[in-house]
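Engineer:
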Amino acid sequence: MLIDKISYGNPIKDINPGIKFLLSMTTLIFLLCTENKGVIVFNLVLFNLLLLFVVKVKVSDLLKLNFIPALFILTTVISLFLIKADIWLFLLRSFAGLSVVYFLICSTPIIDLDYIFGKLRFPKIFREMFLLIYRYIFLLFDNKEKLQNSQEVRLGYSSFKNSMKSFPMLVVAILRKTYYYNYNSIKAVESRLGKEFIFSPRRYKKVGIEAVFAISVIIINLYLVVKYYA
734 MLIDKISYGN
744 PIKDINPGIK
754 FLLSMTTLIF
764 LLCTENKGVI
774 VFNLVLFNLL
784 LLFVVKVKVS
794 DLLKLNFIPA
804 LFILTTVISL
814 FLIKADIWLF
824 LLRSFAGLSV
834 VYFLICSTPI
844 IDLDYIFGKL
854 RFPKIFREMF
864 LLIYRYIFLL
874 FDNKEKLQNS
884 QEVRLGYSSF
894 KNSMKSFPML
904 VVAILRKTYY
914 YNYNSIKAVE
924 SRLGKEFIFS
934 PRRYKKVGIE
944 AVFAISVIII
954 NLYLVVKYYA
């Protein structure tokens with residue numbers, strides 16, 4: 734999965750996820766609570782620049798990530814046009830919010846979200862189930878891609894007839910692989926008597942200039958919002 738690949742290979746993955754979460758969630762609140770286009774454009778530009786030059790997301794990858802959400806956003810524009818709503822405000826807010834969310838998930842490996850859940854006092858069972866479900870979704874798509882590639886090499890999809898034979902075999906093979914990983918995960922939990930957390934926490938860099946940057950962005954947003962409503 735593209736997002737998973739970016740999140741585990743970006744330069745700021747070792748920064749404390751609490752700072753990235755605080756910056757992203759605070760910015761989203763500002764975007765949702767204000768109609769000031771200056772605030773929205775500022776965050777739209779800022780977070781896209783962060784994705785490109787700090788998280789090091791390729792332009793082509795960023796376009797791929799935005800493509801499917803953009804389809805849903807643009808279809809909503811039709812209904813807004815009929816009721817004569819502010820379409821530009823909707824588009825700017827939607828894409829700005831999307832860039833903020835992508836900054837968080839592309840700069841933060843999924844295992845680091847458990848750190849945030851722990852700080853928010855989420856139940857252990859929720860945290861463990863969240864990580865396991867995500868892991869199985871990733872494994873499901875990974876196995877599907879590998880098995881489908883092996884079928885294509887053997888011309889399994891060269892014709893409609895071959896495709897009809899290959900697809901059921903692909904589904905069965907994926908289910909078998911998923912069952913295998915599920916069985917081993919259960920054994921791992923049972924070997925620890927169900928008392929230890931399955932996923933080990935990571936160590937992060939000491940809080941430094943990134944905290945100053947996050948606070949600065951929050952202050953700028955607050956200033957723009959207060960100035961707009963003054």
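Our numbering puts the first residue of the sequence shown at 734, with every later residue one more than the last. Every residue, glycine too, gets a C-beta built ideally from N, C-alpha and C. None of the values given here were measured: they were computed from a predicted structure.
#1: Can you grab the Cα-Cα spacing for the pair Y914 / R854, in whole Å?
#2: Just tell me which of L804, G751, S840 and F823 has its CA closest to the CA of Y741.
#3: Could you tell me if F818 is buried or exposed, where buried requires 16 or more neighbouring beta carbons within 10 angstroms of its beta carbon?
#4: Looking only at its chain, what residues have a beta carbon closer than 8 angstroms to the beta carbon of F863, apart from the 5 residues adjacent to it on each side?
#5: Expressed to the nearest angstrom, what Euclidean distance is found between the alpha-carbon atoms of F972 and S896?
#6: Just the C-alpha distance for P680 and V790, rounded to the nearest angstrom, thanks.
#7: State whether the stretch 754-766 contacts the stretch 952-959, with contact taken as three or more CB pairs (one from each stretch) at a distance under 8 angstroms.
#8: Excluding five sequence neighbours on each side, which residues of the same chain lie with their C-beta closer than 6 angstroms to the C-beta of V681?
#9: For the alpha helix (DSSP H) that contains R868, what are its first and last residues?
#10: Under the rule that 16 or more other beta-carbon atoms within 10 Å means buried, what is R887, buried or exposed?
#11: For the alpha helix (DSSP H) that contains E943, what are its first and last residues?
#12: Pairing CB atoms from the stretch 937-945 with CB atoms from the stretch 901-917, are three or more of them under 8 angstroms?
#13: Could you round the C-beta distance between I739 and D794 to whole angstroms and report it? I think they count as a contact, below 8 angstroms.
#14: Is DSSP giving I816 helix, strand or coil here?
#15: If we call anything under 8 angstroms between Cβ atoms a contact, is F754 one with L831?
#16: Please determine, among E768, K960, I951 and E878, the residue with the shortest C-alpha to C-alpha distance to M734.
#17: Which runs of the alpha helix (DSSP H), 4 residues or longer, sit entirely within the stretch 791-845?
#18: Which complete beta strand (DSSP E) runs does the stretch 744-776 hold, if anything under 3 residues is left out?
Structural biologist: Reading off the structure:
#1: Rounded to the nearest whole angstrom, the C-alpha separation of Y914 and R854 is 29 angstroms.
#2: Comparing Cα-Cα distances from Y741 to each of L804, G751, S840 and F823, the minimum goes to S840.
#3: Residue identity check: residue 818 is Ala in the sequence provided, not Phe. By the Cβ neighbour-count rule, A818 is exposed, with fewer than 16 other Cβ atoms within 10 Å of its own.
#4: Here the set comprises L846, D847 and F850.
#5: Beyond the ends of the chain as shown, which are 734 and 963, falls residue 972; an answer cannot be given.
#6: No statement about residue 680 is possible, as the shown extent of the chain runs from 734 to 963 and does not include it.
#7: Contact between the stretch 754-766 and the stretch 952-959 is present, with at least three C-beta pairs closer than 8 angstroms.
#8: No answer is possible for residue 681: it lies beyond the span of the chain, which begins at 734 and ends at 963.
#9: For R868, the enclosing alpha helix (DSSP H) covers residues K857 to V886.
#10: Exposed: under 16 other Cβ atoms inside 10 Å.
#11: I942 to Y962 is the extent of the alpha helix (DSSP H) around E943.
#12: Segments in contact, no.
#13: Contact flag correct, Cβ pair sits at about 7 angstroms.
#14: DSSP places I816 in coil when its eight states are reduced to three.
#15: No, Cβ-Cβ distance for F754 and L831 is not below 8 angstroms.
#16: Ranking E768, K960, I951 and E878 by CA distance to the CA of M734 puts E878 first.
#17: Runs found: 792-815 and 820-840.
#18: None, since the stretch 744-776 contains no complete beta strand (DSSP E) of that length.
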